[in-house]
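As given, the protein sequences belong to chains H and F, one line each in that order.
Going by our numbering, the first residue of the first sequence is number 2, and it counts up by one from there.
Going by our numbering, the first residue of the second sequence is number 195, and it counts up by one from there.
We put the CB at the ideal spot given by N, CA and C, even for glycine.
Right, one structure below, let's go through it.
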Amino acid sequence: MTEESGGHGDISVGVQGATGSGEATASATRITPGNALRPEDIALAVSRGTAKPGEDVAEFALRLGDDALILAQRLGHWISRAPELEEDIALGNIALDQLGHARSFLSYAGGVDGRSEDDLAYFRREPEFRSVQIFEQPNGDFAFTIARQFVVSYYQFELYRRLTESTDATLAGIAAKAVKEVDYHRDHSAQWVLRLALGTDESREKMIHGLKVVWPYVDELFRDDELTGRLSESGAAVEPSSLRADFDRLTGEILAEAELEVPKVQPAPGGGRRGLHSEHLGYILAEMQVLAREFPGASW
Amino acid sequence: MASQTLQSVPAEPSPARHETRHEMSPEDAARRDAEGQAYFDKVMAEDSRIEPRDWMPPAYRKTLVRQVSQHAHSEIIGMQPEANWISRAPSLKRKAILMAKVQDEAGHGLYLYSAAETLGQPRDQMMQDLMDGKAKYSSIFNYPARTWADMGAIGWMVDGAAIANQVPLCRASFGPYGRAMVRVCKEESFHQRQGFEILLELSHGTPAQKQMAQDAVNRWYAPALMMFGPPDDDSPNSKQSMAWNIKRFSNDELRNRFVGMMMEQVKVLELTLPDKDIRFNEETKKWEHGPLDWDEFHEVLAGRGPCNAQRLERRREAHQNGAWVREAAAAYAEKQAKKQADKEVAA
Numbered sequence: 002m003t004e005e006s007g008g009h010g011d012i013s014v015g016v017q018g019a020t021g022s023g024e025a026t027a028s029a030t031r032i033t034p035g036n037a038l039r040p041e042d043i044a045l046a047v048s049r050g051t052a053k054p055g056e057d058v059a060e061f062a063l064r065l066g067d068d069a070l071i072l073a074q075r076l077g078h079w080i081s082r083a084p085e086l087e088e089d090i091a092l093g094n095i096a097l098d099q100l101g102h103a104r105s106f107l108s109y110a111g112g113v114d115g116r117s118e119d120d121l122a123y124f125r126r127e128p129e130f131r132s133v134q135i136f137e138q139p140n141g142d143f144a145f146t147i148a149r150q151f152v153v154s155y156y157q158f159e160l161y162r163r164l165t166e167s168t169d170a171t172l173a174g175i176a177a178k179a180v181k182e183v184d185y186h187r188d189h190s191a192q193w194v195l196r197l198a199l200g201t202d203e204s205r206e207k208m209i210h211g212l213k214v215v216w217p218y219v220d221e222l223f224r225d226d227e228l229t230g231r232l233s234e235s236g237a238a239v240e241p242s243s244l245r246a247d248f249d250r251l252t253g254e255i256l257a258e259a260e261l262e263v264p265k266v267q268p269a270p271g272g273g274r275r276g277l278h279s280e281h282l283g284y285i286l287a288e289m290q291v292l293a294r295e296f297p298g299a300s301w
Numbered sequence: 195m196a197s198q199t200l201q202s203v204p205a206e207p208s209p210a211r212h213e214t215r216h217e218m219s220p221e222d223a224a225r226r227d228a229e230g231q232a233y234f235d236k237v238m239a240e241d242s243r244i245e246p247r248d249w250m251p252p253a254y255r256k257t258l259v260r261q262v263s264q265h266a267h268s269e270i271i272g273m274q275p276e277a278n279w280i281s282r283a284p285s286l287k288r289k290a291i292l293m294a295k296v297q298d299e300a301g302h303g304l305y306l307y308s309a310a311e312t313l314g315q316p317r318d319q320m321m322q323d324l325m326d327g328k329a330k331y332s333s334i335f336n337y338p339a340r341t342w343a344d345m346g347a348i349g350w351m352v353d354g355a356a357i358a359n360q361v362p363l364c365r366a367s368f369g370p371y372g373r374a375m376v377r378v379c380k381e382e383s384f385h386q387r388q389g390f391e392i393l394l395e396l397s398h399g400t401p402a403q404k405q406m407a408q409d410a411v412n413r414w415y416a417p418a419l420m421m422f423g424p425p426d427d428d429s430p431n432s433k434q435s436m437a438w439n440i441k442r443f444s445n446d447e448l449r450n451r452f453v454g455m456m457m458e459q460v461k462v463l464e465l466t467l468p469d470k471d472i473r474f475n476e477e478t479k480k481w482e483h484g485p486l487d488w489d490e491f492h493e494v495l496a497g498r499g500p501c502n503a504q505r506l507e508r509r510r511e512a513h514q515n516g517a518w519v520r521e522a523a524a525a526y527a528e529k530q531a532k533k534q535a536d537k538e539v540a541a
């Protein structure tokens, strides 16, 4: 990129304006205005050795990065297909936020063995992905997408809110930025749950169906394992089960307002954190990785 | 208000409130139209701006509704070839940039539909005209985005041509259109740079990547040049648009200027343009290019391009699939408003 073409900062490296802050340097040409933590900052800190995750933290970051990446991939499909232009923009925004979180978590996770965000996203096989199964569930109709958003945004909000106090400074930093964005995702999904549930008979039926189809995958989000046990002991993270009460209370309030009930369905066994996925993830990865794998080692 | 020196004349109320027209006597209506025309002419002479409430000649309104809505449709249909690569973008950074870009285009569509709505045309109607095939959009989006390099070529050439077209529109005489263009152009210039950067990265990559970039440039070059519209001697509406201060430069003038810019930039890319006749004419001080296949242009315009059917079908599908959602949102809003009103009555 030549200097003469002038005008805008370079989004690809995101460095111009990094010395400034706030509105004065905010522009439509940078992913993140101001001094908020960006994936590039984390990659830089990792490569300089100023931020290095231990094995447990790296594995945990990989989990959250994969959750956000797979969700971004799903939501990105709505862009140009949404029910209204405003929703093309809203779902696109949420997808972008999730992709930003994914890039940050993956950049950090790769710090343990020198892999980049792209090495992790494009050159791992399905069993190496650590996302839980709710994120890979197909978009379905708009009501299903909203049902999935409703669950994951309330889950992510509770998780990130607690991670802002992580003893791991990088996890805390990523969470501090992400929690503000996920708060908007909660608002977006809750408003749509209300509109669809209380709109027309047809929309209500679809909303009820969407929640019923997504709910078997809720339990997996809150399952503890050895890794979360160790991380909660060290203060780097929390046990997922500790988020459940707040999740149930807050989603319950919206469901009550929408005159809906928590679906009575059997939970799926899950297993995403151990690399056991539903039938859907393979297709997502095949599509996402095809070009990068066609040109291994290439720079884009 | 547009002019400091003359009182503006309010426009005729929108067609929906047509009965008020009948209340006005023919003499009053004629006087109002004469005053309106005088004000409009003065605004044109001063190169100032007409605002939505101002009187304007019906043909001016009609031209603008057509142009602004076509522009909006182009943004919306133009999302599709690029959305086609979001899921396969070869790095996460590129994926984020591409998502943001396609999202910007939805935003541009929104500002432009809003600008057109100030002329009295509802967005639903414009959308319906698009889906019914009654309204046009830029023909360039009827070409397929075959490879990743097309993301570069579209950004560099298609958005580049759009900028060359749109920068003068920032001064368009209709206020809301001009102001929408200011913001659109800012974002477009970023889009062009990201496209250039994609191509630069490819042309400095592996031989296969460089070939991919060259192939994309070859395919998008002529369609991009044709974005400026037919040659001046075959562009019947241009003269009136220039008299109304909507259009500032002729199609050929903008096209030639654009070719000059491309010629400079393609050197940095170390790629070539598929046109051996490009030259700078020392006498006219203008860039010239080789012949363009205007038959192909008219074919695509007539609906016989590679993706015409696909693009419209995708738009219809999204619109139809979303019908129940829009109905639900409207029903919910109505119920909420009624609830609020009942509350106020009770209080």
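Please work out which residues of its chain come closer than 7 Å, Cβ to Cβ, to Val180 of chain H, disregarding the five sequence neighbours upstream and downstream, and give them in chain order. Phe158, Tyr161, Arg162 and Thr165
Which whole-angstrom value describes the C-beta separation of Ala259 of chain H and Leu172 of chain H, a residue pair presumed to lie in contact below a C-beta threshold of 8 Å? That belief does not hold up - the Cβ atoms of Ala259 of chain H and Leu172 of chain H are roughly 34 Å apart, past 8 Å.
Per DSSP, Arg131 of chain H forms a beta bridge with which residues? DSSP output for Arg131 of chain H lists no bridge partner at all.
Give me the Cα-Cα distance between Ile392 of chain F and Pro370 of chain F, rounded to the nearest whole angstrom. 33 Å
Given that a residue counts as buried once 16 or more other Cβ atoms are within 10 Å of its Cβ, and exposed if not, what is Leu277 of chain H? exposed
Quick check on Ile244 of chain F: does DSSP put it in helix, strand or coil? strand
Taking 6 Å as the limit between beta carbons, can you name the residues of its chain near Lys53 of chain H, skipping five residues before and five after? Gly112
Going along the chain, which residues of its own chain have a beta-carbon closer than 7 Å to the beta-carbon of Ala91 of chain H, five neighbours each way excluded? His189
Are Cys355 of chain F and Phe452 of chain F close, meaning C-beta to C-beta below 8 Å? The residue you asked about is not Cys; residue 355 of chain F is Ala in the sequence shown. For Ala355 of chain F and Phe452 of chain F, yes; Cβs fall inside 8 Å.
Same chain only: Cβ atoms within 6 Å of Leu324 of chain F, ignoring 5 sequence neighbours per side: His267
Where does Pro204 of chain F sit, in a helix, a strand or coil, going by DSSP? strand
Between F:Glu245, F:Ala300, F:Asp241 and F:Pro252, which has its C-alpha nearest Asp227 of chain F's C-alpha? F:Pro252
For Glu129 of chain H, I'd like the list of residues in its chain whose CB is within less than 8 Å of its CB, leaving aside the five on either flank, ordered along the chain. Gly276
Contact the segment 510 to 523 of chain F vs the segment 446 to 460 of chain F: 3+ CB pairs below 8 Å: no
What are the partner residues of Arg473 of chain F, as DSSP defines its beta bridges? F:Glu482
Entirely within the segment 214 to 292 of chain F and at least 4 residues each: give me those alpha helix (DSSP H) ranges in chain order. 220 to 240 and 252 to 277
My guess is that Gly77 of chain H and Met293 of chain F are in contact by the Cβ rule of under 8 Å, so how many angstroms apart are they, rounded? 6 Å
If contacts are defined as beta-carbon pairs under 8 Å, then Arg187 of chain H and Ala198 of chain H qualify, I think. What distance do you get, rounded to the angstrom? Actually they are not in contact, since the Cβ atoms of Arg187 of chain H and Ala198 of chain H sit about 16 Å apart, beyond 8 Å.
Helix, strand or coil, according to DSSP, for Phe223 of chain H in the structure here? coil
Which residues mark the beginning and the end of the alpha helix (DSSP H) in which Ile348 of chain F is found? Careful: Ile348 of chain F lies outside any alpha helix (DSSP H) and carries neither H nor E.
Using 8 Å as the Cβ pair cut-off and three pairs as the minimum, do the segment 404 to 423 of chain F and the segment 471 to 479 of chain F touch? no
According to the neighbour-count rule (16 or more other Cβ atoms, all chains shown, within 10 Å of its Cβ), is His554 of chain F buried or exposed? No statement about residue 554 of chain F is possible, as the shown extent of chain F runs from 195 to 541 and does not include it.
Using a C-beta cutoff of 8 Å, does Gln134 of chain H count as contacting chain F? no
What does the alpha-carbon distance come out to for the pair Ser108 of chain H and Gln315 of chain F? 48 Å
Could you tell me whether the Cβ of Ala525 of chain F comes closer than 8 Å to any Cβ of chain H? yes
Any idea what DSSP makes of Phe296 of chain H, helix, strand or coil? coil
For Ala540 of chain F, is the classification buried or exposed, using 16 other Cβ atoms within 10 angstroms of its Cβ as the cut-off for buried? exposed
Contact defined as beta carbons within less than 8 Å: I believe Ala437 of chain F pairs with Ala374 of chain F. What is the distance between those atoms, to the nearest angstrom? With a Cβ gap of about 22 Å, Ala437 of chain F and Ala374 of chain F do not count as contacting.
Whose Cβ in chain F lies nearer than 8 Å to the Cβ of Asp89 of chain H? Met273, Gln297 and Ala300
C-alpha distance - Arg505 of chain F paired with Glu229 of chain F, whole-angstrom precision: 45 Å
Please classify Ala96 of chain H as buried or exposed, where buried requires at least 16 other C-beta atoms within 10 Å of its C-beta. buried
Do you know whose CA, among H:Val239, H:Phe61 and H:Phe296, lies nearest Thr542 of chain F's CA? Residue coverage of chain F in this structure runs from 195 to 541, which leaves residue 542 of chain F outside it and unanswerable.
Boundaries (first-last residue) of the alpha helix (DSSP H) holding Glu258 of chain H: Arg245 to Glu258
Touch check for the segment 483 to 503 of chain F and the segment 335 to 345 of chain F: three-plus C-beta pairs under 8 Å? yes
Given Glu60 of chain H, which residues of its chain have a CB within under 7 Å of its CB, disregarding the five upstream and five downstream residues? Leu228
Please check if any C-beta of chain F sits within less than 8 Å of the C-beta of Gln138 of chain H. no
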